[in-house]
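If you read the sequence shown in the numbering used here, its first letter stands for residue 748, the second for the next number, and so on. Shown next, in structure tokens, is the structure this report addresses.
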Amino acid sequence: GSMPTELGGFTKLTYDFNLDGNSFSGKAPSELGKMSELKGYFYISSNKLSRDIPTELGSLKKMQYDFHLESNSFSYEVPTELGKMDKLTGGFSLKSNELCGDLPAEVEALVEQRHMGLVCAVGQQHRHGLSRAADRGADS
748 GSMPTELGGF
758 TKLTYDFNLD
768 GNSFSGKAPS
778 ELGKMSELKG
788 YFYISSNKLS
798 RDIPTELGSL
808 KKMQYDFHLE
818 SNSFSYEVPT
828 ELGKMDKLTG
838 GFSLKSNELC
848 GDLPAEVEAL
858 VEQRHMGLVC
868 AVGQQHRHGL
878 SRAADRGADS
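Here you go:
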């Protein structure tokens, strides 16, 4: 079934939001972005979530590590708002989804500044698992 929107009500939660492998389907609720005190361990991997990644997840600005959305069916582009998680120092995964387009410059800058082990596959070309417009230009 669908992921309950009420989960966004955990506004005081600071660590360990783990809903891996629960067979949730449909769109991830935008209300998850209300968990603004969360500092680590955001896992909604290995579900059947689809459509776009909620832009509201960029409101999780206190995230320091382990933000995992892999192994779902997210499609469309990676939202630029995810680049607002500027305290994130590692553990950011979007792999095994159906994402398209280039990785937004804001997210790429965040990853490169922190030398994170980002695991992300977006678009056709990859560099450290990332799609970059600059890489495609260099190949021409």
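Yeah, the Cβ is synthetic: ideal placement off N, Cα and C, and Gly gets one too.
Reduced DSSP category for L857 - H, G, I as helix; E, B as strand; rest coil: Helix at L857.
Check for me: the beta strand (DSSP E) holding P796 runs from which residue to which? Checking the sequence shown, residue 796 turns out to be Leu, not Pro. For L796, the enclosing beta strand (DSSP E) starts and ends at 795-798.
Along the chain, where does the beta strand (DSSP E) containing K774 start, and where does it finish? Counting along the chain, the beta strand (DSSP E) containing K774 begins and ends at 772-774.
Helix, strand or coil for S822? Go by DSSP, reduced to three states. Of the three classes helix, strand and coil, the one that applies to S822 here is coil, per DSSP.
Is it the case that the Cβ atoms of K781 and G805 are separated by a distance below 7 Å? No; because the gap between Cβ atoms is not below 7 Å, this pair is not in contact.
Taking the straight line between their C-alpha atoms, what separation do you get for T758 and L816? Roughly 20 Å between the two C-alpha positions.
In the DSSP assignment, what are the bridge partners of S806? Looking at the DSSP assignment, S806 forms no beta bridge with any residue, so it has no partner.
DSSP three-state call for G838: helix, strand or coil? It is a strand residue.
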